[in-house]
Ligand code: KIV
Ligand code: NA
């Protein structure tokens, strides 16, 4: 199995093979999800909430993204690695945006960047793709705009916002994105958008008719994320396992049941005798 590329994803859409995507923020997780056969790893700026403990993605910096991207790309052998451009790194000067992309791809080793928004970023996407930067789009609930959207809620439910989402998706495709994440969008609308586009859609809370699905790793395995949106399916409760394991460790240390001889190193009695003779 070779490295997944943006061309692989387009081909998968053509063959109606669903694309699998998951977030990862560190080396061991990247290795594990890669071994599990995931197609795309997203170093999402959700890392701000999931592993850095902020209450939104707004505080995440390019340095944060770079730090985690480097760890992930060292662990990802087959999966395509996509990294989020953080808040306000792609609305100022083009040179600054280009430098952010350069760092994530050149220093970080990612294969693509993801950014949020529709028609308003289409011109930027065009310039980036012209420069050879593969770009993934992100529409619907765009968490970097949480203060404008007024919370984390479903997008595109009424005619006006649904039409806007369709126009945004078309604009992004024309500008050259290789795929679009649709987040928190009614399933019927996501189905229509997916059918309309040549490039794949990857849904999160967007129904089964997207060309692929993405979930946040910590949500999927139940690792330290308490707030569970409706669209999350928890496939494991790793957090409970961690608490159980650490509780046992704490108890065994306190009762001097750990470490045992099995976990300890020996030395020759003769050496000991000479030391303390
Ligand atoms: O940051 C993230 O994890 C994301 C996914 C939810 C698509 O953008
Ligand atoms: Na994100």
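Residue numbers (the working numbering): 3 to 279.
All C-beta atoms, glycine included, are put in the ideal place defined by N, C-alpha and C.
Proximity test, residue i beta-carbon vs the ligand KIV heavy atom, cut-off 7 Å
i           : result
residue 86  : yes
residue 196 : no
residue 48  : yes
residue 64  : no
residue 185 : yes
residue 182 : no
residue 83  : no
Sequence-distant residues of the same chain with beta carbon closer than 6 Å to residue i, five excluded per side
i           : result
residue 205 : 184, 192, 212, 215
residue 241 : 224, 225, 226
residue 164 : 158, 191
residue 258 : none
residue 118 : 140, 144, 146
8 Å Cβ shell around residue i - same chain, five flanking residues per side excluded
i           : result
residue 169 : 120, 121
residue 43  : 23, 24, 25, 26, 32, 35, 36, 74, 78, 81, 82, 83, 84
residue 9   : none
For residue i, the three-state DSSP class (helix, strand or coil)
i           : result
residue 32  : helix
residue 235 : coil
residue 38  : coil
residue 11  : helix
residue 211 : coil
residue 116 : strand
residue 50  : helix
Inter-residue CB distance, residue i and residue j (contact presumed, cutoff 8 Å)
i           : j           : result
residue 111 : residue 72  : 7 Å
residue 6   : residue 57  : About 33 Å; that fails the 8 Å criterion.
residue 79  : residue 28  : With a Cβ gap of about 15 Å, residue 79 and residue 28 do not count as contacting.
residue 236 : residue 222 : 7 Å
Endpoints, beta strand (DSSP E) assigned at residue i
i           : result
residue 86  : 82 to 86
residue 140 : 137 to 142
residue 181 : 181 to 185
residue 77  : No beta strand (DSSP E) holds residue 77; the alpha helix (DSSP H) holding it covers 64 to 77.
Any non-hydrogen atom of the ligand NAP within 7 Å of residue i CB
i          : result
residue 61 : With respect to small molecules bound, the structure shown includes the ligand KIV and the ligand NA and not the ligand NAP.
beta-carbon residue i near the ligand NA non-hydrogen atom, thresh 7 Å
i          : result
residue 20 : no
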